[in-house]
Every structure is written in C-alpha cells, then in structure tokens.
Amino acid sequence: KAGVTQTPRYLIKTRGQQVTLSCSPISGHRSVSWYQQTPGQGLQFLFEYFSETQRNKGNFPGRFSGRQFSNSRSEMNVSTLELGDSALYLCASSRAISGRDEQYFGPGTRLTVT
Amino acid sequence: KQEVTQIPAALSVPEGENLVLNCSFTDSAIYNLQWFRQDPGKGLTSLLLIQSSQREQTSGRLNASLDKSSGRSTLYIAASQPGDSATYLCAPIPSGGGADGLTFGKGTHLIIQP
Chain A
1 KAGVTQTPRY LIKTRGQQVT LSCSPISGHR SVSWYQQTPG QGLQFLFEYF
51 SETQRNKGNF PGRFSGRQFS NSRSEMNVST LELGDSALYL CASSRAISGR
101 DEQYFGPGTR LTVT
Chain B
115 KQEVTQIPAA LSVPEGENLV LNCSFTDSAI YNLQWFRQDP GKGLTSLLLI
165 QSSQREQTSG RLNASLDKSS GRSTLYIAAS QPGDSATYLC APIPSGGGAD
215 GLTFGKGTHL IIQP
C-alpha cells in the first residue's frame, strides 16, 4: 500500500509570491491534515479536510488556505509569502476524522522563502 | 488547551542500552495517543498507537504505556541501536475530537552512539 505522498519535496520562493503544495493520502483515507514545522514553534496544526470539507482550522492567517478533491487529494495554498513562512509542511492522512484513527504522515515539502 | 511535555529533551547513549522516553499531557480526556519518530528533515513515522482503553502497546523492541489518569505515557526502547537515532514525538488525541489537530511535544532528540 503506497504511503502519503507530497509534492514538490523542495521549493524556493520569493517574498510576495504564492505557492501551492499537494498531498495524496493513503488509498481509502478520507481525512487530510496539514501541519507547519519550524525550529522555533515545532509542529503546528493548519487545517483538516474530510470529504472535501474543511473541518478544523488552526490559528493561522487567512493567507493559508486549502482544499480537498473528491479523490481525497488535498492542496494547500499560501499567498503573499513572508520570510516566516519558511518551514517544513507536512500532511497526514487517516481513515477517520479529527484524529480518531492512526495518523500517517508524508515526507513533507521544504519551503524556503527568500 | 492541551499541552504536551517530553522529557528528556535530548539523550545520547551508547548502543545496547535500554531507554525510557517520557511524555506528559495536561488534559487527560484523550481518545488515544500516538508515538512518532522523525529523522532530520523528514516526515513523521508512526511507531505506536495506544487507545485509551489500553495500557500498553508493543511493536518489536518498542513498548509504550499509557496512564490517562496521571496524564503520562512512556516509550521504552530495548537494546538500542544506532538506527534508533531520531527525534521521538508523542501526540495525545482529545476525546472531544481533534478540533486543534494533533498537539505535539517538542520531542526527545535521541542519539545512539555506535
């Protein structure tokens, strides 16, 4: 069974640009969550999607948005990039909503904003 | 809001030793708890999931225990190997649902010396 995949693995962007990250969950998983990981703040929850609907959202500005498609694949978009958005972005998938099942993480997308 | 503390923050030991990593959480109303490992620059790998009705879960050389009433979980690593070197993270999942996603501790950075 294939694991969670994320593309691209590495990105370099300039301040003010926007970026879209993609996450393909494990087959059969309907929940996709996104996390930001930085050395200073650790792992922080961005949002969760289940059956194409955003179910939960963390404390991040509106520049961070996402969506989920009917095949459960999810995209995350960050507009007007800031230097502080440089981080490892991780997505996790599970069968059930809101952490009620084992979470499986992808390898992450390393975003560098210059 | 759930807060997670992991002790020790860092640990460096020679291979072959048995290790104990500690995780404490402030809200004992949890549904389950998951342990992960993270290699530098990589995603999280799920190690063990302990459901709230369980007290222990084992996988190979790993054994995790859970004491909900005291808000503690312990990860025991037997006969440590250099390949065990990684950061270990615990994440309790609240019973009321994961509206805030998974809450992670800062992790225990483990180095096993050959």
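Line by line, the protein sequences are chains A and B. Every letter in the first sequence is one number past the one before it in this note's numbering, and letter 32, counting from 1, is 32. Every letter in the second sequence is one number past the one before it in this note's numbering, and letter 80, counting from 1, is 194. Ideal Cβ placement from N, Cα and C applies to all residues, glycine included. Only a predicted model underlies this, so the values are computations on that prediction, with no experimental measurement involved.
Taking a contact to require three or more Cβ pairs closer than 8 Å, the segment 197-209 of chain B and the segment 148-162 of chain B qualify as touching.
Note that the segment 31-50 of chain A touches the segment 85-98 of chain A; at least 3 beta-carbon pairs, one per stretch, sit closer than 8 Å.
Nothing from the segment 7-21 of chain A brings a Cβ to less than 7 Å from some Cβ of chain B. Rounded to the nearest angstrom, the gap between the Cα atoms of T172(B) and A178(B) is 6 Å.
If you draw a 10 Å sphere on the C-beta of F69(A), you find fewer than 16 other C-beta atoms in it, and that means exposed. From the beta-carbon of L216(B), the residues of chain A found nearer than 9 Å are S33, Y35, L43, F45, A92, G99 and Q103.
In the DSSP assignment, S33(A) falls within the beta strand (DSSP E) that extends over S31 to T38. Cβ proximity to chain A below 9 Å picks out Y145, N146, Q148, F150, Q152, G155, K156, G157, L158, T159 and S160 from the segment 127-160 of chain B. In this structure, the alpha-carbon of G197(B) lies about 29 Å from that of T112(A). Residue contact with chain B for P61(A): absent (no Cβ-Cβ distance below 8 Å to any residue of chain B).
Proximity of K115(B) to chain A, defined by a Cβ-Cβ separation below 8 Å, is not satisfied.
CA-CA distance, E102(A) to R15(A), rounds to 36 Å.
D181(B) has R186(B) as its beta-bridge partners, per DSSP. The shortest CA-to-CA distance from T7(A) to any of S74(A), E52(A) and D85(A) is the one to S74(A). Residues of the segment 181-192 of chain B with a C-beta atom less than 7 Å from some C-beta of chain A do not occur. In this structure G174(B) is exposed. Its beta-carbon is surrounded by fewer than 16 other beta-carbon atoms within 10 angstroms. Residues R15 and V113 of the same chain have their beta carbon placed closer than 7 Å to that of E82(A), with the five preceding and five following residues left out of the count.
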